[in-house]
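Just so you know, we're using the numbering used here here: the sequence shown kicks off at 1 and counts up by one.
Every residue, glycine too, gets a C-beta built ideally from N, C-alpha and C.
Keep in mind the model is a prediction, meaning the values are calculated, not measured.
These notes concern the structure reproduced below.
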Amino acid sequence: MYVFLTEQGRNLQGKLEPLAIEVNALSMQSSSDEDIQTTRKVLLRIIENLAADEAQNGLAERKMLSTRKLGGLVSRSTAAK
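Right, dumping it as structure tokens:
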């Protein structure tokens, strides 16, 4: 899958990219390189698990909503409050 920025997105890139770099540096400032690598590895595993769950969405024996549908319900529920 390829994602391309629109003209508006390209115009914002110069402003937002430095902010993202700053936030990333700030969020990791007291963490060791080893901790950062472990965290990234765990987060990637979580993403893989959620993607696998999403891929099984159409199974009839499914007992629980997909993470995407569940997230949508939570979002709508909190937005209504």
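{"Check": "Which residue from Arg-45, Ile-47, Thr-6 and Leu-70 puts its Cα closest to that of Asn-57?", "Outcome": "Leu-70"}
{"Check": "Could you round the C-beta distance between Arg-68 and Glu-48 to whole angstroms and report it? I think they count as a contact, below 8 angstroms.", "Outcome": "That belief does not hold up - the Cβ atoms of Arg-68 and Glu-48 are roughly 15 angstroms apart, past 8 angstroms."}
{"Check": "Would Ile-21 and Met-28 be called neighbours here (beta carbons separated by less than 8 angstroms)?", "Outcome": "no"}
{"Check": "List in chain order: all unbroken alpha helix (DSSP H) runs of 4+ residues lying wholly within the stretch 22-60.", "Outcome": "33-55"}
{"Check": "Skipping 5 residues on each side, what residues in its chain have a beta carbon closer than 7 angstroms to that of Val-3?", "Outcome": "none"}
{"Check": "With DSSP run on the structure shown, which of helix, strand or coil describes Val-3?", "Outcome": "coil"}
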